[in-house]
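Q: Quick one: this structure, given as structure tokens, is what I'll be asking you about.
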Amino acid sequence: MRRTARGIAVVATAVLALAAAACGKDTPEAPKNNPADLKADLTWWDTSDPANEGPAFKELIAKFNTTYPNVKINYQSVPFGEAQNKFKTAAAAKSGAPDILRAEVAWVPEFASLGYLYNLDGSALLADESDFFPTPMSSNKFDGKTFGVPQVTDSLALLYNKKIFTDAGIAEAPKTWADVKTAAAAIKAKTGKDGLFINPGGYFLLPFIYGEGGDLVDTAGKKIVVNSAENVAGIKVAQDLVKSGAAVKPPAADGYGTMMTLFKEQKVAMIINGPWEVNNVRSATTFGGIENLGIAPVPAGSKKAGAPVGGHNYVLYSGMSQDKAAAAVEFVKFMSSAESQAFLADKLGVLPTRKSAYEIASVKSNPIISAFGPVIATASARPWIPEGGQFFGPLDAMATETLIQGKDAKTSLDAVAQKYLNEVVKNYTLS
Amino acid sequence: MSTVTATPPTTTSPASRSHRPAKRPSWLRRSWDRHWYAWAMVAPVVVVLSVLIIYPLVRGVFLSFTNLTEANQLAEICTKSITGSESCKANPEAWHMVGFDNYVDVLSGKVGQFWQWLGVTLIWTIGCVVFHYTIGLGLAVMLNRPMWGRGVYRVLLILPWAVPAFVSAFAWKFMFNEKFGLFNALLTKVGLDPVEWFSDWKTSLLTAILTNIWLGVPFMMVALLGGMQTIPTEQYEAAEIDGASPWQRFVSITLPGLRSVSMTVILLGTIWTFNMFPVIFLVTQGQPAGQTEILVTGSFRAAFEGIRNYSLASTYGVLILSILLVFSVFYRRMLRKQGEVW
Amino acid sequence: MSETGTSTLREATIHRMPSAAVRNNRPRSKRKPLASLGLHGTLVLASLIAIFPIVWVLAASFKPKEWIQSTELTLVKEPTLANYDYVLTQTNFPSWVFNSVLVAACTMFFGILMSATAGYALSRFNFPGRRQLMLVFLVTQMFPVAILIVPIYQIMATFGLINTHASLIIAYLTIAVPFCAWMLKGYFDSIPTSLDEAASIDGCGPFMTFWKVIMPLARPGIAVTAFYTFLTAWGELAYASAFIQTDDRFTLSYGMRQFVPQFNPQWEYLTAAAVLVTVPAAVVFLYVQRHLVSGLTAGGTKG
Numbered sequence: 001m002r003r004t005a006r007g008i009a010v011v012a013t014a015v016l017a018l019a020a021a022a023c024g025k026d027t028p029e030a031p032k033n034n035p036a037d038l039k040a041d042l043t044w045w046d047t048s049d050p051a052n053e054g055p056a057f058k059e060l061i062a063k064f065n066t067t068y069p070n071v072k073i074n075y076q077s078v079p080f081g082e083a084q085n086k087f088k089t090a091a092a093a094k095s096g097a098p099d100i101l102r103a104e105v106a107w108v109p110e111f112a113s114l115g116y117l118y119n120l121d122g123s124a125l126l127a128d129e130s131d132f133f134p135t136p137m138s139s140n141k142f143d144g145k146t147f148g149v150p151q152v153t154d155s156l157a158l159l160y161n162k163k164i165f166t167d168a169g170i171a172e173a174p175k176t177w178a179d180v181k182t183a184a185a186a187i188k189a190k191t192g193k194d195g196l197f198i199n200p201g202g203y204f205l206l207p208f209i210y211g212e213g214g215d216l217v218d219t220a221g222k223k224i225v226v227n228s229a230e231n232v233a234g235i236k237v238a239q240d241l242v243k244s245g246a247a248v249k250p251p252a253a254d255g256y257g258t259m260m261t262l263f264k265e266q267k268v269a270m271i272i273n274g275p276w277e278v279n280n281v282r283s284a285t286t287f288g289g290i291e292n293l294g295i296a297p298v299p300a301g302s303k304k305a306g307a308p309v310g311g312h313n314y315v316l317y318s319g320m321s322q323d324k325a326a327a328a329v330e331f332v333k334f335m336s337s338a339e340s341q342a343f344l345a346d347k348l349g350v351l352p353t354r355k356s357a358y359e360i361a362s363v364k365s366n367p368i369i370s371a372f373g374p375v376i377a378t379a380s381a382r383p384w385i386p387e388g389g390q391f392f393g394p395l396d397a398m399a400t401e402t403l404i405q406g407k408d409a410k411t412s413l414d415a416v417a418q419k420y421l422n423e424v425v426k427n428y429t430l431s
Numbered sequence: 001m002s003t004v005t006a007t008p009p010t011t012t013s014p015a016s017r018s019h020r021p022a023k024r025p026s027w028l029r030r031s032w033d034r035h036w037y038a039w040a041m042v043a044p045v046v047v048v049l050s051v052l053i054i055y056p057l058v059r060g061v062f063l064s065f066t067n068l069t070e071a072n073q074l075a076e077i078c079t080k081s082i083t084g085s086e087s088c089k090a091n092p093e094a095w096h097m098v099g100f101d102n103y104v105d106v107l108s109g110k111v112g113q114f115w116q117w118l119g120v121t122l123i124w125t126i127g128c129v130v131f132h133y134t135i136g137l138g139l140a141v142m143l144n145r146p147m148w149g150r151g152v153y154r155v156l157l158i159l160p161w162a163v164p165a166f167v168s169a170f171a172w173k174f175m176f177n178e179k180f181g182l183f184n185a186l187l188t189k190v191g192l193d194p195v196e197w198f199s200d201w202k203t204s205l206l207t208a209i210l211t212n213i214w215l216g217v218p219f220m221m222v223a224l225l226g227g228m229q230t231i232p233t234e235q236y237e238a239a240e241i242d243g244a245s246p247w248q249r250f251v252s253i254t255l256p257g258l259r260s261v262s263m264t265v266i267l268l269g270t271i272w273t274f275n276m277f278p279v280i281f282l283v284t285q286g287q288p289a290g291q292t293e294i295l296v297t298g299s300f301r302a303a304f305e306g307i308r309n310y311s312l313a314s315t316y317g318v319l320i321l322s323i324l325l326v327f328s329v330f331y332r333r334m335l336r337k338q339g340e341v342w
Numbered sequence: 001m002s003e004t005g006t007s008t009l010r011e012a013t014i015h016r017m018p019s020a021a022v023r024n025n026r027p028r029s030k031r032k033p034l035a036s037l038g039l040h041g042t043l044v045l046a047s048l049i050a051i052f053p054i055v056w057v058l059a060a061s062f063k064p065k066e067w068i069q070s071t072e073l074t075l076v077k078e079p080t081l082a083n084y085d086y087v088l089t090q091t092n093f094p095s096w097v098f099n100s101v102l103v104a105a106c107t108m109f110f111g112i113l114m115s116a117t118a119g120y121a122l123s124r125f126n127f128p129g130r131r132q133l134m135l136v137f138l139v140t141q142m143f144p145v146a147i148l149i150v151p152i153y154q155i156m157a158t159f160g161l162i163n164t165h166a167s168l169i170i171a172y173l174t175i176a177v178p179f180c181a182w183m184l185k186g187y188f189d190s191i192p193t194s195l196d197e198a199a200s201i202d203g204c205g206p207f208m209t210f211w212k213v214i215m216p217l218a219r220p221g222i223a224v225t226a227f228y229t230f231l232t233a234w235g236e237l238a239y240a241s242a243f244i245q246t247d248d249r250f251t252l253s254y255g256m257r258q259f260v261p262q263f264n265p266q267w268e269y270l271t272a273a274a275v276l277v278t279v280p281a282a283v284v285f286l287y288v289q290r291h292l293v294s295g296l297t298a299g300g301t302k303g
């Protein structure tokens with residue numbers, strides 16, 4: 001790849017002046033005296049599950065409108081899978097993008113690098129920034145600026161079926177992958193059921209990689225480390241679980257759906273999944289209620305137990321008129337407040353991102369939230385670079401190759417590294 | 001104008017154009033007078049296609065010689081602050097021309113798996129189109145005859161078309177599900193081993209091809225049924241008197257009578273199938289490990305996941321276009337031997 | 001081949017337009033019992049394959065969520081109407097249907113108008129650019145839609161058409177018209193040019209000839225292309241998901257796609273909605289299929 005960067009230094013003042021003239025407001029903060037004075041028409045794209053989670057968000061909007069009756073929120077549910085492209089297409093065309101977006105953590109650096117998001121530094125939203133957990137907050141930072149506030153956080157955990165554990169005589173959740181193997185053998189012997197299901201996707205293999213102390217890339221040293229010895233060892237652990245029968249051999253297509261069906265029907269005792277499925281497991285008639293659901297941190301590898309941090313942030317589209325900024329800030333402030341987060345935690349079992357939210361009684365007494373507490377505390381930040389979203393395509397292929405087709409872990413990871421170099425982070429080096 | 005409308009419309013015979021009396025003001029003027037109504041008739045289509053397809057297509061050809069991506073498309077990136085200020089800085093890596101670099105990268109296999117995807121695409125396209133056409137033709141011939149229950153058969157056979165294609169694709173995917181699917185359940189029931197459909201690229205591609213055959217047959221059948229209506233019934237009756245067997249009638253009357261329709265549906269069917277995105281995307285998802293990606297799905301994933309690489313996408317687009325253009329020209333040559341096609 | 005009394009019948013069909021009744025009495029329809037069995041057997045089998053996945057959709061639509069994807073394979077399990085109730089009362093389904101009918105009908109109307117005129121011009125007039133135009137029609141189908149969506153979005157945005165049904169209708173025309181123009185050119189080619197000439201002598205201009213003489217004769221062809229255009233717009237997803245942004249303007253397929261996100265898909269609602277779409281469609285098909293194969297054929301007018 002030739003990289004003759006054309007260094008045309010463009011003076012930005014003209015554009016700046018134009019933008020200022022177009023917006024014509026120097027004071028984005030509305031007078032604080034009367035909330036009813038705040039008038040705006042805002043569109044919010046929500047990417048949460050429309051059936052399970054959507055209603056709770058609509059309830060929150062109604063609450064917001066009791067204080068701010070003249071801020072109209074046009075709630076639009078957009079499927080998570082297509083929102084990223086849809087937002088970028090609309091933002092680039094400067095037509096059709098929403099004012100507020102619920103963005104997945106990996107999207108924020110990407111959108112920010114493209115200039116599609118408002119820099120929130122200096123706004124009321126970040127006044128109490130230290131109240132947010134640092135790891136979820138870190139996903140909003142790009143180039144030293146902050147572009148969003150965390151809505152929910154999540155991470156992978158070991159979800160298990162308590163009844164099957166009791167039947168198999170297992171007293172506590174396995175702490176290492178070796179423990180998982182032993183437990184699976186006991187479960188198979190005593191109950192005839194399968195022990196573990198590993199979804200063959202790149203994201204779901206990260207605990208194996210982190211467990212050996214590995215990572216995908218080293219952003220500080222600009223190095224691709226996805227094919228390191230640690231990662232090979234980690235993937236081999238996963239391969240061994242499948243080969244030995246401790247884990248079900250997953251199908252190459254619809255692995256995720258298969259995992260959830262088997263788990264909800266109590267055909268498999270353990271899965272690696274996140275809090276977003278808790279509500280789903282709760283409502284499944286076949287599972288035996290939320291009391292039957294055990295939650296533990298992901299098992300450790302030879303170095304540590306580690307799971308990737310996930311979650312979603314609120315971001316503001318930079319094409320939104322400055323006139324609306326005050327109202328948008330108030331809305332996001334309300335939605336990300338400790339009270340609102342506690343409300344959502346209560347309704348949906350999703351994890352708050354504010355420390356103060358965990359002090360609220362209803363959250364404190366929520367068994368699901370407290371079970372996920374230690375999971376979140378140890379969750380690892382992912383490389384927050386604009387290319388972050390492109391890491392998973394090659395990893396998914398690697399997962400299928402190693403877990404299903406029995407390909408050698410080293411060969412497969414080397415191919416991933418080569419792909420990262422050729423297509424994703426071209427200015428990095430192979431380690 | 002009135003003189004023009006009084007002229008009888010020319011026929012398709014290409015010779016008629018040149019045999020005109022010799023009092024000619026200018027070529028353009030003459031052309032306009034003779035052909036303005038033909039041009040008027042095609043103008044709306046031409047306008048819509050030019051604006052919506054031709055312009056992006058030409059732009060796509062240009063982009064394929066650049067390194068333009070979402071990240072470097074702007075000469076400067078501006079960050080707007082919620083406090084009202086805006087700071088812009090020059091994009092240090094703004095896009096530039098790269099000549100044939102994209103084509104080299106793609107064709108040499110440095111980026112993506114062009115040749116593997118092309119191979120899968122060819123199997124996919126040929127498999128689908130051959131079965132679409134033969135099954136569609138067979139059913140159309142049967143349904144074209146008078147018989148008891150013809151209307152009911154017709155409705156049942158075109159019903160798959162009424163269900164949005166993505167729903168049907170999901171339904172087939174469900175039936176091929178390795179753990180909970182109907183096909184594996186049936187196999188188990190008759191004492192066979194369940195098949196891990198998506199673990200091997202051959203069976204995985206087979207599921208997609210079967211799904212697409214099912215989806216596409218109603219269209220072929222209806223198009224060919226329509227074509228059969230233009231075949232004069234007298235021809236059949238004359239052949240019958242001559243003692244022609246049903247097969248002979250089919251070969252000597254039906255097939256030639258369907259030539260124009262067949263050519264259109266095979267040509268466009270091939271082009272569409274080659275570029276058919278949703279079935280592969282939904283049914284196999286490229287599994288296992290991207291081995292059943294066809295060119296469109298593979299290039300979409302390569303170029304549009306994360307930071308969108310418009311130049312790479314365009315390069316694939318131009319390559320796909322070139323392949324199909326070569327195919328169309330050869331196809332036309334082949335048919336030309338049997339007479340005027342277009 | 002039992003051919004008794006064919007000659008009189010043949011004369012009859014040659015000298016007048018073959019009516020449906022005449023065609024039905026043709027000796028060709030007298031099949032041997034074995035051939036008849038084979039024919040019906042094949043068609044029954046084909047019909048079964050055709051409706052098989054639809055039956056699965058139907059069965060699933062009456063099941064509670066847990067039993068659709070399940071280790072236990074069932075046809076009926078705890079049947080319920082709750083899925084239908086949800087789709088009809090808790091979603092914008094009725095307006096999606098309306099939107100889809102509107103978009104599909106407009107696409108059909110404009111599509112037929114544009115492709116019939118273009119097809120007629122291609123069939124009858126040897127104007128400069130004719131062959132190139134036919135090739136251009138093909139070329140427009142060759143560049144993958146997935147790659148075109150972003151630039152087309154920008155063009156639509158320029159015209160202020162984002163989140164309007166007009167954007168969809170225009171986009172669908174680009175898919176449907178090239179094919180339909182090609183198809184209709186073929187149909188028009190099979191209509192003898194002597195008819196045009198006769199009309200022209202009677203004082204009809206080319207537009208009048210096209211409208212009054214050719215269009216009625218090309219009815220089966222028009223029906224096929226109309227059907228195709230309508231269904232293309234009806235089931236399309238890619239453009240709809242790019243251009244349409246608010247729930248009340250969704251088309252059916254895009255609305256239904258909302259039921260099955262990447263995680264936690266609501267199969268029960270998707271299947272119920274699919275059934276609600278398919279049943280009226282089947283009724284319409286039953287009516288339309290007569291027109292696809294009408295008694296009045298283009299070839300028959302030759303006599």
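Residue numbers (this note's numbering), protein chains in the order written: chain A, 1 to 431; chain B, 1 to 342; chain C, 1 to 303. Backbone N, C-alpha and C define an ideal beta-carbon position, used for all residues, glycine too.
What is the rounded straight-line gap between the Cα of B/P56 and the Cα of B/G243?
A: Against the second sequence, residue 56 of chain B aligns to sequence position 56. Against the second sequence, residue 243 of chain B aligns to sequence position 243. Looking at the two C-alpha atoms, the distance is approximately 57 Å.
Q: Please decide whether A/V425 counts as near chain B, where near means a Cβ-Cβ distance under 8 Å.
A: The residue given as residue 425 of chain A occupies position 425 in the first sequence. No, no contact with chain B.
Q: Is there at least one Cβ from chain B nearer than 8 Å to C/S241's Cβ?
A: In the third sequence, residue 241 of chain C corresponds to position 241, counting from 1. No, because no Cβ of chain B sits closer than 8 Å to the Cβ of C/S241.
Q: If I'm right that B/F91 touches B/L312 with Cβ under 8 Å, what's the distance once you round it to whole angstroms?
A: Translated into the one-based positions of the second sequence, residue 91 of chain B becomes position 91. Translated into the one-based positions of the second sequence, residue 312 of chain B becomes position 312. Here residue 91 of chain B is Asn; the residue named in the question, Phe, does not match the sequence. At roughly 18 Å, the Cβ-Cβ gap does not stay under 8 Å, so B/N91 and B/L312 are not in contact.
Q: For A/D215, name the three-state secondary structure that DSSP assigns.
A: The count along the first sequence starts at 1 and reaches residue 215 of chain A at position 215. DSSP places A/D215 in coil when its eight states are reduced to three.
Q: Helix, strand or coil for B/C88, going by three-state DSSP, please let me know.
A: Mapped onto the second sequence, residue 88 of chain B falls at position 88. Strand at B/C88.
Q: Between B/S204 and B/T121, is the Cβ-Cβ spacing less than 8 Å?
A: For the purposes of this step, residue 204 of chain B is taken as the residue at position 204 of the second sequence. For the purposes of this step, residue 121 of chain B is taken as the residue at position 121 of the second sequence. No, these two residues do not count as a Cβ contact at 8 Å.
Q: Could you give the first and the last residue of the continuous beta strand (DSSP E) run that contains A/W44?
A: Looking up residue 44 of chain A in the first sequence gives position 44. It spans 40 to 46 - the beta strand (DSSP E) in which A/W44 sits, taken as one unbroken run.
Q: Going by beta-carbon coordinates alone, are B/L254 and B/V141 separated by less than 8 Å?
A: As a first step, residue 254 of chain B must be located in the second sequence, where it is residue number 254. As a first step, residue 141 of chain B must be located in the second sequence, where it is residue number 141. Looking at the sequence itself, residue 254 of chain B is Thr, so the reference to Leu does not match. Cβ atoms of B/T254 and B/V141: closer than 8 Å.
Q: Beta-carbon separation of B/F277 and C/A240 under 8 Å?
A: To locate residue 277 of chain B, count along the second sequence from 1; it is residue 277. To locate residue 240 of chain C, count along the third sequence from 1; it is residue 240. Their beta carbons are not under 8 Å apart, which means B/F277 does not touch C/A240 by this criterion.
Q: For A/P251 and chain B, any beta-carbon pair shorter than 8 Å?
A: For this step, residue 251 of chain A is matched to residue 251 along the first sequence. It does; some Cβ of chain B falls within 8 Å.
Q: I'd like the list of long-range same chain contacts for B/I280, defined as Cβ closer than 6 Å, with 5 residues on each side in sequence excluded.
A: Taking the second sequence and counting its residues from 1, the one referred to as residue 280 of chain B is at position 280. So the qualifying residues of the chain are A208, I294, T297.
Q: What residue from B/Y133, B/Q73, B/V329, B/N67 has the CA that sits closest to B/D105's CA?
A: Walking along the second sequence from the start, residue 105 of chain B turns up at place 105. Among B/Y133, B/Q73, B/V329, B/N67, the Cα nearest to that of B/D105 belongs to B/N67.
Q: Quick one: which residues of the segment 137 to 161 of chain B get their C-beta closer than 9 Å to a C-beta of chain C? List them in chain order.
A: Result list: G138, L139, M142, L143, N144, R145, P146, M147, W148, G149, R150, G151, V152, Y153, R154, V155, L156, L157, I158, L159, P160, W161.
Q: Taking C-beta pairs closer than 7 Å, name the residues in chain A that C/V150 reaches, listed in chain order.
A: Walking along the third sequence from the start, residue 150 of chain C turns up at place 150. Those are T89, listed as they occur along chain A.
Q: For B/T125, list the residues DSSP reports as bridge partners.
A: Here residue 125 of chain B refers to the residue found at position 125 of the second sequence. In DSSP, B/T125 forms no bridge with anything.
Q: According to the Cβ coordinates, are C/F137 and C/A176 closer than 8 Å?
A: In the third sequence, counting from the first residue as 1, residue 137 of chain C sits at position 137. In the third sequence, counting from the first residue as 1, residue 176 of chain C sits at position 176. No; because the gap between Cβ atoms is not below 8 Å, this pair is not in contact.
Q: Hey, could you find the ends of the beta strand (DSSP E) A/R102 is sitting in?
A: As a first step, residue 102 of chain A must be located in the first sequence, where it is residue number 102. Unbroken beta strand (DSSP E) run through A/R102: 100 to 104.
Q: To which residues of the same chain is A/S138 closer than 7 Å at the C-beta, ignoring the five residues directly before and after it?
A: As a working note, residue 138 of chain A is residue 138 in the first sequence. Around A/S138: A381, W384.
Q: Write down every uninterrupted run of the alpha helix (DSSP H) in the segment 172 to 208 of chain B whose length is 4 residues or greater and which is fully enclosed by it, in chain order.
A: For the segment 172 to 208 of chain B, whole alpha helix (DSSP H) runs of length 4 or above, ordered along the chain, are 182 to 189.
Q: Give the residues of chain C in contact with A/Q76, contact being defined as C-beta atoms less than 9 Å apart.
A: Walking along the first sequence from the start, residue 76 of chain A turns up at place 76. Going along chain C in sequence order, the residues near A/Q76 (Cβ under 9 Å) are Q245, T246, D247.
Q: When you check each C-beta in the segment 108 to 121 of chain A against every C-beta of chain B, which residues fall closer than 9 Å?
A: Listed by position along the chain: E110, A112, S113, L114, G115, L117, Y118, N119, L120, D121.
Q: Return yes when the Cβ of A/S228 is within less than 8 Å of the Cβ of A/S431, no when it is not.
A: The count along the first sequence starts at 1 and reaches residue 431 of chain A at position 431. The count along the first sequence starts at 1 and reaches residue 228 of chain A at position 228. Yes.
Q: Taking the C-alpha atoms as reference points, what is the distance between C/T140 and A/A338?
A: In the third sequence, counting from the first residue as 1, residue 140 of chain C sits at position 140. In the first sequence, counting from the first residue as 1, residue 338 of chain A sits at position 338. The straight-line gap from Cα to Cα measures roughly 54 Å.
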